[in-house]
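>
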Amino acid sequence: MKFYPEKYKIKDQRMKPFIDPEEIWDYINNTESTKERVREVIAKALNKERLNLKETAVLINANDPELIEEIKQGAKTLKEKVYGNRIVLFAPLYVGNKCTNNCEYCGFKASNKDAIRQTLSDNELIKEVEALEDNGQKRLILVYGEHKHYSPEFIAKNVKTVYSVKKGNGEIRRVNINAAPLDIDGFRTVKDAGIGTYQIFQETYHPEAYAKYHLGGKKRDFEYRLTSLDRAQEAGLDDVGIGALFGLYDWRYEVLAMVRHTNHFEACYNVGPHTISFPRIQDASAVNVDPKYMITDDEFTRLIAILRLAVPYTGLILTARESEQVRREVMSFGVSQIDGGTKLELGSYHESQNEEQNLNREQFAINDNRSLAEIIDELIENEYLPSFCTACYRLGRTGEHFMEFSVPGFIKRFCTPNAILTLAEYIEDYATPEVADKAWRIINKEIKGLDDEKVVCLVNERIEKIKQGERDMYF
Ligand code: SAM
Ligand code: SF4
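Heads up: the sequence shown is residues 0 to 474, going by numbering that gives the first Met the number 0.
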């Protein structure tokens with residue numbers, strides 16, 4: 000392919016790179032964005048149709064503040080119309096920060112000699128998981144640097160350990176992974192350990208910008224990373240998460256490239272990515288990034304609204320990298336998952352380290368340091384329904400976001416009831432009396448919104464069982 004420099008030559012013919020920078024720039028530079036076109040495109044998304052690259056470019060090129068507002072309103076309407084009030088909660092758990100790569104933006108890069116390197120022992124991992132269970136967490140994402148120590152077998156062993164830890168009524172019911180790209184056998188090994196999603200962010204989809212920021216180690220290979228989740232699919236791991244790190248290259252290009260990545264999965268595997276993430280660069284120890292492409296809060300919120308409309312049935316993840324204010328705003332555009340009570344220092348869920356954030360122990364600094372309880376309290380205050388649901392994944396219902404989106408009544412039959420039951424468990428096991436009062440009010444409100452009497456009866460029956468000590472019932 001002519002747009003790839005010689006060094007990105009394809010080795011595995013099954014996995015051809017599918018990003019053509021010229022094509023993407025062509026869409027951005029040559030797509031007109033009139034008021035009428037923008038409105039037509041928003042209407043198409045509200046009609047539950049995924050947007051193509053040209054239509055996404057129409058939204059990207061809408062610069063008039065009034066049109067930007069219409070795009071944000073469109074995203075809000077889509078969220079309200081399709082997804083309702085649920086927000087799924089999870090926590091990241093950093094297992095090891097040894098790393099042989101040199102990503103210029105990351106505190107874990109090999110050249111950062113100030114970074115304090117650590118890999119959790121089995122015992123430390125168990126303690127971390129117990130502490131997370133004590134807070135009420137049910138879904139974790141294990142995070143690793145890239146190092147030979149963190150082999151597929153090592154990750155698989157960690158996953159099994161995490162699932163085995165039960166403290167009181169606490170247990171982890173879904174373990175996701177964010178780690179280095181693997182080969183097909185490696186993906187098979189971690190899949191067999193029972194993982195949920197495997198996340199790999201391309202960081203930037205622009206080969207030259209990628210080369211500028213990835214200075215050493217295996218991650219330098221743009222193409223190997225780009226096709227990593229194709230190898231996951233080959234291994235039967237169809238639950239994958241993609242993402243771009245905003246601040247490395249032009250945000251408009253990255254948004255279109257992620258839509259392209261989504262189309263590629265749909266065309267080749269008949270399933271889109273499970274989730275899309277859009278981390279923004281945060282301060283880190285020894286970070287070295289050209290500020291040229293840093294994006295403002297306005298651009299950031301705008302791009303999330305565009306993504307919501309462009310890929311209406313993909314989960315959107317927003318992390319504690321962002322401030323409370325930004326999180327509050329974009330949740331209304333259809334973010335479906337957030338983390339709560341996040342700590343990035345290795346071992347810090349069970350051992351309180353320095354109160355002050357210590358950049359030498361973290362990958363980067365976060366902006367939302369609230370506890371899970373505080374996050375839940377705020378979600379409820381804002382009429383969201385916090386959820387720890389893991390039902391689809393455990394029942395083998397893959398493509399759950401697609402079902403939520405396209406199967407009439409799916410949310411009211413499955414998602415809302417499961418969110419209610421997992422919140423009821425949280426109330427019984429972990430909530431303060433004050434939060435519990437508010438949370439029961441939300442639960443009652445959500446039950447009123449369920450229109451099938453049979454489902455209402457079942458939900459009420461199961462809530463009674465939860466009050467009597469039964470756990471883990473789902474639809
Ligand atoms: N080491 C693996 C990798 O690079 O894919 C997985 C874990 S890495 C710790 C997770 C993600 O954190 C990266 O993919 C990158 O997008 C993000 N990240 C790295 N440095 C960051 C920074 N300074 N601010 C925000 N996000 C950052
Ligand atoms: Fe290592 Fe990942 Fe950080 Fe790159 S982003 S230096 S691969 S931990």
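The beta-carbon is built from N, C-alpha and C at its ideal position, and this holds for glycine as well. These numbers come from a predicted model, not from an experiment.
Could you give the DSSP three-state label for His273: helix, strand or coil?
coil
> Taking contact to mean at least 3 C-beta pairs separated by less than 8 Å, is the segment 50-69 in contact with the segment 252-266?
yes
> For a minimum of 4 consecutive residues, which ranges assigned as the alpha helix (DSSP H) are wholly contained in the segment 53-118?
64-77
> Going by the C-beta, is Gln72 closer than 7 Å to any heavy atom of the ligand SAM?
Because no heavy atom of the ligand SAM lies under 7 Å away, the Cβ of Gln72 does not count as near it: no.
> Rounded to whole angstroms, what is the Cα-Cα separation between Ile194 and Glu65?
43 Å
> Closest to Ile86 by C-alpha separation, out of Phe17, Glu222, Asp338, Tyr162, would be which residue?
Asp338
> Please specify which runs of the alpha helix (DSSP H), each continuous and at least 4 residues long, are wholly inside the segment 356-397, giving them in chain order.
Entirely contained in the segment 356-397, the alpha helix (DSSP H) runs reaching 4 residues are, in chain order, 371-380, 390-393.
> Given Lys464, which residues of its chain have a CB within under 8 Å of its CB, disregarding the five upstream and five downstream residues?
Met472.
> I'd like to know if the segment 393-410 and the segment 375-384 are in contact, where contact means that at least 3 CB-CB pairs between them fall below 8 Å.
No: fewer than three Cβ pairs fall under 8 Å.
> Do you know whose CA, among Ile303, His260, Ile27, lies nearest Ile316's CA?
Ile303
> Can Lys218 be considered in contact with the ligand SAM, in the sense that its beta carbon sits closer than 7 Å to one or more heavy atoms?
Distances from the CB of Lys218 to the heavy atoms of the ligand SAM include at least one below 7 Å.
> Where does Lys165 fall in DSSP's three states?
strand
> I'd like the list of long-range same chain contacts for Tyr26, defined as Cβ closer than 7 Å, with 5 residues on each side in sequence excluded.
Leu52, Lys53, Ala56, Leu255
> Quick check on the DSSP output: the alpha helix (DSSP H) that includes Asp297 runs from which residue to which?
The continuous alpha helix (DSSP H) containing Asp297 extends over residues 296-309.
> Who are the near neighbours of Val128 in its chain, counting only those whose CB is closer than 7 Å to its CB and skipping five residues on each side?
Val161, Val164, Ile171
> With 16 as the cutoff for other CB atoms within 10 Å, does Pro206 come out buried or exposed?
buried
> For Arg279, which residues does DSSP report across the bridge?
According to DSSP, which records beta bridges pairwise, Arg279 is partnered with Phe245.
> Should Gly340 go down as buried or exposed, given a rule of 16 or more other Cβ atoms within 10 Å for buried?
buried
> For Gln136, report the span of its alpha helix (DSSP H) as first-last.
Counting along the chain, Gln136 sits inside no alpha helix (DSSP H), nor does DSSP assign it H or E at all.
> Taking the alpha-carbon positions, what's the Ile23 to Leu306 distance?
16 Å
> Nearer than 7 Å: is that true of the beta carbon of Lys108 relative to any heavy atom of the ligand SF4?
yes
> Quick check: what's the CA-CA separation for Phe153 versus Asp63?
If you take the alpha carbons of Phe153 and Asp63, they lie about 51 Å apart.
> Is DSSP giving Gly314 helix, strand or coil here?
strand
> For Phe186 versus Ala231, is the C-beta spacing smaller than 8 Å?
Yes, these two residues count as a Cβ contact at 8 Å.
> If you drop the 5 nearest sequence neighbours on each side, which residues of the same chain put their C-beta closer than 7 Å to that of Pro4?
Interpretation of Pro4 is limited by its pLDDT of 46, a score under 50 that renders its predicted location unreliable; the figure taken from the coordinates is listed afterwards. Excluding residues within five positions, the ones whose Cβ falls inside 7 Å are Pro206.
> Answer yes or no: the CB of Asn100 versus the heavy atoms of the ligand SF4, is any distance below 7 Å?
yes
> With DSSP collapsed to three states, give me the class of Val239.
strand
> How many angstroms separate the CA atom of Val458 from the CA atom of Ser405?
Within the model, the alpha-carbon separation for Val458 versus Ser405 is close to 23 Å.
> Contact defined as beta carbons within less than 8 Å: I believe Ser120 pairs with Pro180. What is the distance between those atoms, to the nearest angstrom?
At roughly 26 Å, the Cβ-Cβ gap does not stay under 8 Å, so Ser120 and Pro180 are not in contact.
> Please tell me whether Glu445 and Ile419 are closer than 8 Å, where the distance is taken between their beta carbons.
yes
> If we ignore side chains and look at the alpha-carbon of each, how far apart do Val325 and Thr318 end up?
10 Å
> Tell me whether Pro311 counts as near the ligand SAM, meaning its Cβ is closer than 7 Å to at least one heavy atom of that ligand.
no
> Is it the case that the Cβ atoms of Val270 and Asp237 are separated by a distance below 8 Å?
yes
> If contacts are defined as beta-carbon pairs under 8 Å, then Ala364 and Ala283 qualify, I think. What distance do you get, rounded to the angstrom?
7 Å
> Report whether the distance from the Cβ of Ile465 to the nearest heavy atom of the ligand SAM is below 7 Å.
no
> Does the segment 134-142 come close enough to the segment 77-96 to have 3 or more Cβ pairs within less than 8 Å?
Taking 8 Å as the limit for Cβ pairs, the verdict is that the segment 77-96 does touch the segment 134-142.
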